[in-house]
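Residue numbers (this note's numbering): 198 to 450.
No residue lacks a Cβ here, since even glycine has one placed at the ideal position from N, Cα and C.
Keep in mind it's a predicted model, so treat the numbers as computed, not measured.
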Amino acid sequence: MTTITQKCGIGLQVRGLRKSYGGQEILHGLDFEVRPGEIFVLMGPSGSGKSVLLRHLIGLEVPDEGDIQLDSQPILAEDVMGKYRMAMVFQSGGLLNSLTVGENVGLYLSEHQLKTPAEIARIVAEKLEDVGLKGTEDKMPSELSGGMKKRAAIARALAIEPQLILYDEPTSELDPLSSVVIADEIVQLNQRIGVTSVIVSHDRDLSFGIADRVAVINEGRIVSIGTPEEIRRSPDPMVREFLAAGFKRPANP
Ligand code: ADP
Ligand code: MG
């Protein structure tokens, strides 16, 4: 099991972030900060711009305006992405079906020849144990349940010893029990290794259950930001409407 005593999470600052696609503005100038080591949930209905925002936070998309900083250094500056270790757990999980679970988890390390095969095997075993999948190295992804696939995807993210993990809808497509297990896993990892966790979710119960702070996003704008308790007490009509109605599951997650 991973034992990292020093808290390793990094902070993230977003200022005036705007993004359009094909002349249509999707993100209308977002400002927020994620503190080192916190669980920060971006909650909002389907189509509100959550996944687009997450792709910006890991440098997969470039803003039209505004900037994103990691520990006060612009994310797009040379070397910054190489200096910090960030991992994203994609909505689909994104395991490669032709590889074993172990090969999937160790893929980044073996592709970049960062470790010897024996070291990679040790790290893979450790990360699988961390997410409750001990001994599943030789299974194929098709042999895993939906919840186990998500956990394997988290193990793959952990293999790079990230300082920041981004999760896109980690519990979508899961039954309620598996959702609880994954939520628990995210909290435990956050506490044990101190990794900063940014989670995108339209799941209100998950968001309020695990977040240190929540940002409610609607139509490309942050309408409210605060602790779950502060969000619950928010007088903002949009937030009140969200909380009363809950979020519908997207038809095409
Ligand atoms: P969600 O909050 O459900 O994750 P998204 O961030 O995926 O929403 O999408 C927000 C909006 O941006 C949607 O209207 C979507 O169609 C649009 N969008 C996302 N990515 C692209 C893209 N690459 N090109 C054009 N439009 C996009
Ligand atoms: Mg999305």
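query: LEU172, buried or exposed, once every other Cβ within 10 Å from all chains shown has been counted against 16; result: This structure cannot speak to residue 172, because the chain is shown only from 198 to 450.
query: Presumed contact (8 Å Cβ cut-off) between ILE207 and LEU267, rounded CB distance; result: 6 Å
query: Ligand 2 heavy atom lying under 6 Å from the CB of LYS247; result: yes
query: HIS225: first and last residue of the uninterrupted beta strand (DSSP E) it sits in; result: 221-231
query: Beta-carbon spacing of ARG348, VAL302 below 7 Å; result: no
query: Opposing strand residues paired with THR393 [DSSP bridges]; result: LEU361
query: Any non-hydrogen atom of ligand 1 within 6 Å of GLY244 CB; result: yes
query: Length of the line joining the Cα atoms of ASN449 and LEU254; result: Residue placement at ASN449 is poorly supported in this model, since its pLDDT is 46, which falls under 50; the coordinates still yield a value, given next. Using only the alpha carbons, I get a separation of about 23 Å.
query: Sequence-distant residues of the same chain with beta carbon closer than 6 Å to PHE237, five excluded per side; result: VAL231, VAL395, ARG410
query: Alpha carbon of GLU300 to alpha carbon of TYR364, nearest angstrom; result: 21 Å
query: Stretch pair the stretch 267-278 + the stretch 333-342: three plus CB contacts closer than 8 Å; result: no
query: Distance CB(LEU371)-CB(GLY391) smaller than 7 Å; result: no
query: Identity of the residues DSSP links to MET240 by a beta bridge; result: SER398, VAL413
query: 6 Å CB neighbourhood of LEU214 in its chain, flanking five on each side removed; result: LEU224, LEU227, PRO260, GLY263
query: Classification of HIS309 by the beta-carbon crowding that lies within 10 angstroms, buried from 16 upward; result: exposed
query: Sequence-distant residues of its chain with Cβ nearer than 7 Å to VAL277 (five each side left out); result: LEU267, GLN270, PRO271
query: ALA442, buried or exposed, once every other Cβ within 10 Å from all chains shown has been counted against 16; result: exposed
query: Residue from MET283, GLY291, LEU273 with nearest C-alpha to PRO367; result: GLY291
query: Within 7 Å, strictly: CB atoms of GLY241 and ASN415; result: yes
query: Simplified DSSP assignment, three categories, for ILE265; result: strand
query: CB contact flag (TYR281, GLN360, <7 Å); result: yes
query: Cβ-Cβ separation, ILE351 to VAL286 (assumed contact under 8 Å), whole Å; result: 6 Å
query: Buried versus exposed, by CB contacts within 10 Å (16 or more), LYS216; result: buried
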